[in-house]
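Residue numbers (the working numbering): 99 to 187. Everything below concerns the one structure shown next.
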């Protein structure tokens with residue numbers, strides 16, 4: 099019967115995350131920054147030459163990924179905001 103309690107906790111957590119886009123966006127951003135940090139650290143340790151180019155490529159890729167993910171998470175609200183601005187004009 100304890101497994102049922104765990105599934106109810108999981109359902110409650112997933113319901114909170116589904117309705118709270120700010121938490122999801124922060125979660126994605128923090129996960130992406132942790133992954134980026136680990137990759138950059140590995141590049142600094144392993145690579146003997148041309149570290150700067152590799153680090154810049156990794157930084158740019160992760161920045162674009164973060165922008166795309168946050169835009170996807172908030173796209174509905176951005177669309178509503180754009181419609182409200184258009185209605186004012």
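Just so you know, even glycine gets a beta-carbon here, dropped at the ideal spot from N, CA and C.
- Three-state secondary structure assigned by DSSP to residue 182: helix
- Please check if any C-beta of chain B sits within less than 8 Å of the C-beta of residue 166. Reference to chain B is not applicable here, since this structure consists of a single protein chain.
- Assign residue 118 to one of three DSSP states: helix, strand, or coil. coil
- If you drop the 5 nearest sequence neighbours on each side, which residues of the same chain put their C-beta closer than 7 Å to that of residue 182? none
- Query: Cα separation between residue 163 and residue 127?
  - Reply: 9 Å
- Message: Here's a check: name, in chain order, each residue in its chain whose Cβ is nearer than 6 Å to the Cβ of residue 129, leaving out the five neighbours to either side.
- Response: Nothing meets the Cβ criterion.
- To the nearest whole angstrom, what separates the beta carbons of residue 134 and residue 160, a pair I think is in contact under 8 Å? 4 Å
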